[in-house]
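Take the sequence shown: its letters are residues 0 to 330, numbered as in numbering that gives the first Met the number 0.
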Amino acid sequence: MQQRHRPVGFVLTALAAGVLLLFVASCCLGRYPVPLDQIVSILLSGLGLSVEKTWSNAMEATVLRIRLPRIALSCLVGCSLSTAGAAYQGIFQNPMASPDLLGASSGAAFGAALAILLGAGMSLVTASAFFFSLLTVALVMLVSLRAPGRRVVSLILGGVMVSSLFSAGTSYIKLVADPGSQLPEITYWLMGSLSGTSAQSIRFACVPMALGILPLLLLRWRLNLLTLGDDEARALGVHAGRLRLAVVLCSTLITAASVSVSGLIGWVGLVVPHLARKLVGSDYRALLPCSMLMGAGFLLLVDDMSRSLLQTEIPIGILTAFIGAPFFSSI
């Protein structure tokens, strides 16, 4: 019996409203208490609306300079990782595909660890992670071009090979790093965290994320054809090879931008698209925007937990694994 799904418009509207409510509620969480009505007034004032000031400068600085950048970045990263995961699962026709399938995360980890080893500042660490993430996928694509056999299989095998090489490089950097200062910093980055997020991090990530997500949204109806196979897609007038290349490039771009500013955060791009399929089905015209909204809300909720459950912040990559694995087992 064919599974029935809820109306797409209703689902997307409900998800958007849920993310918005969670966004506002997240601004209330923190060690420094700020009432909800003050939160709303501060946010409206930040948007340029004329609101009578009834809050202190400390409240405004806490909300706009500390909490708001982190909350915004968690939404962006969650949206990007879930979008990349959904796109990869479509073009590779593999339900186990995730944003790190082609080694983008391994390359970013190596780049960040190398920058930390060399004593670079946080901005250079982010830039190095972004560069090596793109470099890794470029090497994977170069290997796949020279490998015999099916292109899809060659990409996956190339991703496993190159990812293993960069993972070995990261392990060696951890071996030679200073155990008193550099090694803890590398380890913490690899666990994933959004602490210390600034407006500069958002500006760095926004452009590549937008350049990757917008083409995927425009091409989402074509992703349905790739699920039919290359021959069927070609018969319908779609060049499967070019479309797959475009999707890989866009997905790599948003994955690299996400990992470079947040560290390694797993399971989001694997679990969220499957949950979205439960709501709207496998049609990418609805699946992609649904995955984006669910990913933003999911990572925002997990980040709220990471900074609220204990006195010390829990790295977000640990929580996504604890939450994602049981969810995935029930899908």
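Ideal Cβ positions, reconstructed from N, Cα and C, are used throughout, including at glycine.
*Could you round the C-beta distance between LEU103 and THR319 to whole angstroms and report it? I think they count as a contact, below 8 Å.*
Sequence inspection shows Ala at residue 103; the Leu mentioned does not correspond to that position. About 17 Å separates the two Cβ atoms, so there is no contact after all.
*Enumerate in chain order the residues of its own chain whose CB-to-CB distance from VAL10 is below 7 Å, with the five nearest sequence positions on each side excluded.*
Closer than 7 Å at the Cβ level, and outside the excluded window around VAL10, lie LEU278, VAL279 and CYS289.
*Mind pulling the beta strand (DSSP E) runs of 3 or more residues that sit fully within the segment 207-263?*
none
*What residues in its chain sit with their C-beta under 6 Å from that of TRP188, if we drop five residues either side in the sequence?*
Within the same chain, ALA111 and GLY262 come within 6 Å of TRP188 by CB-CB distance, once the 5 residues on both sides are set aside.
*Indicate the three-state DSSP secondary structure (helix, strand or coil) for PRO94 in the structure shown.*
coil
*LEU299 to VAL247, Cα distance in whole Å?*
26 Å
*Distance between beta carbons of ALA204 and LEU75, contact taken as under 8 Å*: 6 Å
*Among SER97, PHE130, LEU123 and PRO98, which one has its Cα closest to the Cα of ALA107?*
PHE130
*Go ahead and pull the three-state DSSP assignment for SER192.*
coil
*Fully enclosed by the segment 115-169, which alpha helix (DSSP H) runs are 4 residues long or longer?*
Within the segment 115-169, the complete alpha helix (DSSP H) runs of at least 4 residues are 121-145.
_Taking 8 Å as the cut-off, does the segment 214-230 touch the segment 258-273 (at least 3 CB pairs, one atom from each stretch)?_
The segment 258-273 makes no contact with the segment 214-230: fewer than 3 CB pairs, one atom from each, lie closer than 8 Å.
_Neighbour-count burial assignment, ALA60, 16 or more Cβ in a 10 Å radius_ = exposed
*asked:* Using only CA atoms, which one of ASN56, LEU244, VAL33 and ALA71 lies nearest to GLY195?
replied: ALA71
*Please determine, among LEU21, ARG30, PRO207 and ARG66, the residue with the shortest C-alpha to C-alpha distance to ILE41.*
Residue ARG66 is the option with its Cα nearest to ILE41.
*Decide if the segment 216-223 is in contact with the segment 281-296; the criterion is three or more beta carbon pairs, one per stretch, under 8 Å apart.*
yes
*ILE317 to GLY236, Cα distance in whole Å?*
Going from the Cα of ILE317 to the Cα of GLY236 covers about 44 Å.
*State the start and end residues of the unbroken alpha helix (DSSP H) segment that holds ILE41.*
35-45
*Measure the CB-CB distance between GLY84 and SER97 and report whether it falls below 7 Å.*
In this structure, SER97 lies closer than 7 Å to GLY84 by Cβ.
_Contact between the segment 156-163 and the segment 138-145 (3+ Cβ pairs under 8 Å)_ = yes
*Based on Cα-Cα distance, which residue from ILE212, LEU217 and GLY29 lies nearest to MET304?*
GLY29
*Less than 8 Å between the CB atoms is what I'm expecting for CYS78 and GLY323, so what's the real figure, rounded?*
Incorrect: roughly 16 Å between the Cβ atoms, too far for contact.
*Label SER25 either buried or exposed according to how many other C-beta atoms from any shown protein chain fall within 10 Å of its C-beta, with 16 as the threshold for buried.*
Its Cβ being crowded by 16 or more others within 10 Å, SER25 is buried.
*As assigned by DSSP and simplified to three states, the class of LEU300*: Assignment of LEU300 by DSSP, reduced to helix, strand and coil, places it in the helix class.
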